[in-house]
Amino acid sequence: MSSADHIARLNHLIDASNEGVEAEHRMPLRDALRLYPKAIGWSILLSLTIVMEGYDLTIINGFYAFPEFKKAYGERVGDNDYQITTAWQSGLTNGAVVGEILGLLFNGHLTERFGYRRTLIFALLALISFIFLAVFAFNIGMLMASEVLCGLSWGVFQTLSTTYAAEIMPVALRAYLTSNVNLCWLIGQIIGTGVLRGLIDLQSKWSYRIPFSLQWMWALPILIGVLLAPESPWWLVRHGKYDKARASLLRLTRRGHHYDAEDAIMLMKRTNEVEEYLSAGVGYLDCFKGVNLRRTEIACMVWMIQTLCGSPMTGYATYFYVQAGFDPERAFDLSLGMYGMAIVGGMISWLLLPSVGRRTLYLWGTGLMCLILVAGGIVGTQHDSTWVSWTLGSVVILFTFVYDTTVGPVCYSLVAELPSTRLRVKTVVLARVAYNLAGIISNVLMPKMLNPTAWNWRGKTCFLWAGTCFCCYIWCYFRLPEPKGLTYLELDLLFEKKVSARKFRRITNVLSEAGYFDILVVNKEFQDFRGVPSYR
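Counting in UniProt numbering, the sequence shown runs from 1 upward without gaps.
Next up, the structure:
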């Protein structure tokens, strides 16, 4: 299609799409809650897949401190103790990550072709069958194979729930329902830790088989719900199915309220047309071309910061507590307390997001976590004693609270909001792949740093993560923009104008005054918007 044809099509969509943008900005939180209760419900339903994944990854890491599991799959250390070797610890955890990376890459193609619903249904059916292998694994190699296979489905879950929430929610609710994904992780983790704590005294192979088999409790009800869920209207618009998109919007909203589905559809059409005009491709390579390269970089780094800030310590918290000097029962109790504080932090983040903004929370979060980790490292240099153990335990709990008030939940809002709508699924997939690659490295390092048969750093592990966390703070200051309150169309324009991350919010008003709604008026090179200078 010629550039003139693109401009003609954009002209046809201007008036109605402007109404849609204004409607998004005018909608207060209370009205959004009244209009979109169904969308909230469907988003929460799909987010339950993250609860299931958080549960399983927690029990795997928790098993490293689980007496019966260590006896079944570990090696004898001393007279009465067993340990899973660092090689198998890394293998089990990274086996799941490798499966997740493959699942993520498949997900990018499957979702674009078949939609959210059908992709998720297929992933759930596959997971239900793979769970059998984990439950009845008779050696550790078989268990690792089950983790790789289950990881294929988890890779699909990791991004679909986030992008689905981003596409069915208005601006007023977008941050709450995307950051809700982090809360689902925490719920899965606290359930997994609670299950292990309840079974730690059961002296049989069912003490670790029961936690695996409980995964079926999640998969079947979620599958039934997904069969009934509406498809993303944005996906339907991108595929030219406007009548189905309109029907999906009506299923996502509450009847009896003033709501113009046509304005919403026209805004989606215009946003899609603008992105098609600026970057016609929708493949993985297109994520690295032009302005999309910056958006991909930000999404990848935002998610990698979840690992680089030091959060792997919370994933190995129970094992960390045991190596710090606590008995297994007390270690699981502390982990439950840690996840409880994490949930409190996640709820506090909901109160902060509307007024504070995503960029500010990331900066404050990485800064505070860096200081906490330095303090933990200093304590770790002291001789073993009761106060050292309790202080290290408190450091991890405080770190978790700050993480889950800031970086943990805000990450999901940022990675869902910042990509273009046409490349959202693939950009989020690449970001999650980057996160998983960082996770593979941390999963190799953490067992070595904590295991008494390896480096045995214990509390001094905090120093390493303090250094990486400080680097994350520097990157956030210079590269992370603030998307709070902006529609996807406005974000497209700000990225196209190469606006500095520190000036994102300030330049929004300048663009509006300069007439950025006349995006279709372009110069003959089709590279710049008339009357709107670049802001670097």
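For glycine and all other residues, C-beta sits at the position ideal for the given N, C-alpha and C.
Taking only the alpha-carbon atoms, compute the straight-line gap between leucine 353 and valine 396 and give it to the nearest angstrom. 24 Å
Since I believe valine 429 is in contact with asparagine 139 (beta carbons under 8 Å), could you give me their beta-carbon distance rounded to a whole number of angstroms? Actually they do not touch by this definition, with Cβ atoms about 33 Å apart.
Where does glutamine 215 fall in DSSP's three states? If DSSP states are grouped into helix, strand and coil, glutamine 215 belongs with coil.
Selected residue, minimal CA-CA separation from tryptophan 234, among Thr400, Glu112, Asp333 and Arg358: For the set Thr400, Glu112, Asp333 and Arg358, the Cα lying nearest the Cα of tryptophan 234 is the one of Glu112.
Complete runs of the alpha helix (DSSP H) confined to the region 232-269 [at least 4 residues]: Correct list: 233-238 and 242-252.
Under the three-state DSSP convention, the category aspartate 384 falls into: coil
Beta-carbon separation (whole angstroms), glycine 377 vs lysine 460, contact threshold 8 Å: 6 Å
DSSP three-state call for aspartate 81: helix, strand or coil? strand
Less than 7 Å between the beta carbons of valine 90 and asparagine 451, yes or no? In the sequence as displayed, the identity of residue 90 is serine instead of valine. No, the Cβ-Cβ distance between serine 90 and asparagine 451 is not below 7 Å.
Give, in chain order, every unbroken run of the alpha helix (DSSP H) that is at least 4 residues long and sits entirely within the region 19-72. 29-35 and 37-63
Cα separation between leucine 336 and isoleucine 121? 32 Å
Where DSSP assigns a beta bridge to glutamate 75, which residues make up the other side? Gln83
Compute the Euclidean distance between the alpha carbons of tyrosine 339 and arginine 422, then round it to the nearest angstrom. 36 Å
Close-in-space but distant-in-sequence residues of the same chain around valine 51 (CB under 7 Å, 5 per side omitted): Cys184, Ile187, Gly188 and Trp218
Would you call the region 62-69 in contact with the region 431-441, where contact means no fewer than 3 C-beta pairs closer than 8 Å? no
How do the region 76-93 and the region 262-271 stand: do at least 3 beta-carbon pairs fall below 8 Å, yes or no? Between the region 76-93 and the region 262-271, the count of C-beta pairs closer than 8 Å stays below three; the two stretches do not touch.
Whole angstroms is fine: what's the gap from tyrosine 321's alpha carbon to glycine 95's? Using only the alpha carbons, I get a separation of about 24 Å.
Residue environment, methionine 347, which counts as buried when at least 16 other CB atoms sit within 10 Å: exposed
7 Å Cβ shell around tyrosine 164 - same chain, five flanking residues per side excluded: Ser43, Leu46, Tyr116 and Ser232
C-alpha distance - tyrosine 284 paired with lysine 426, whole-angstrom precision: Going from the Cα of tyrosine 284 to the Cα of lysine 426 covers about 6 Å.
From Asp79, Tyr208, Phe399 and Arg359, residue whose alpha carbon lies closest to that of residue 575: Limits of the chain in this structure are 1 at one end and 536 at the other, which puts residue 575 out of reach.
Under the three-state reduction of DSSP, which class applies to isoleucine 348: helix, strand or coil? In the three-state DSSP reduction, isoleucine 348 falls in the helix class (H, G or I).
Could you pull out every unbroken alpha helix (DSSP H) segment of at least 4 residues lying fully inside the region 152-199, listed in chain order? 171-199
In chain order, what are the residue ranges of uninterrupted beta strand (DSSP E) at least 3 long that sit wholly in the region 391-462? none
Since glutamine 203 is in the alpha helix (DSSP H), which residue starts that stretch and which ends it? Counting along the chain, glutamine 203 falls outside any alpha helix (DSSP H), and DSSP gives it neither H nor E.
Between the C-alpha atoms of alanine 317 and tyrosine 242, what's the straight-line distance to the nearest angstrom? 49 Å
Comparing C-alpha positions only, which one of Leu228, Glu273, Glu275 and Gly310 sits nearest to leucine 252? For the residues Leu228, Glu273, Glu275 and Gly310, the minimum Cα distance to leucine 252 belongs to Leu228.
Residues of its chain near arginine 330, where Cβ-Cβ distance is below 6 Å and the 5 sequence neighbours each way are ignored: none
Going by the CB atoms, is the gap between alanine 342 and aspartate 404 shorter than 7 Å? yes
As assigned by DSSP and simplified to three states, the class of proline 221: The three-state secondary structure of proline 221, taken from DSSP, is helix.
What are the boundary residues of the alpha helix (DSSP H) that includes glutamate 496? It spans 488-496 - the alpha helix (DSSP H) in which glutamate 496 sits, taken as one unbroken run.
Taking all protein chains shown into account, decide if glutamine 158 is buried (16 or more other Cβ within 10 angstroms of its Cβ) or exposed. buried
Taking DSSP as the reference, what is the three-state secondary structure of residue 552? An answer regarding residue 552 cannot be provided, because it is not within the stretch 1 to 536 covered by the chain.
Determine, using beta-carbon pairs with one atom in the region 170-182 and one in the region 409-417, whether at least three such pairs fall under 8 Å. yes
Have a look at Tyr36, Ile305 and Trp216 and flag the residue whose alpha-carbon is nearest the alpha-carbon of threonine 49. The shortest Cα separation from threonine 49 among Tyr36, Ile305 and Trp216 belongs to Trp216.
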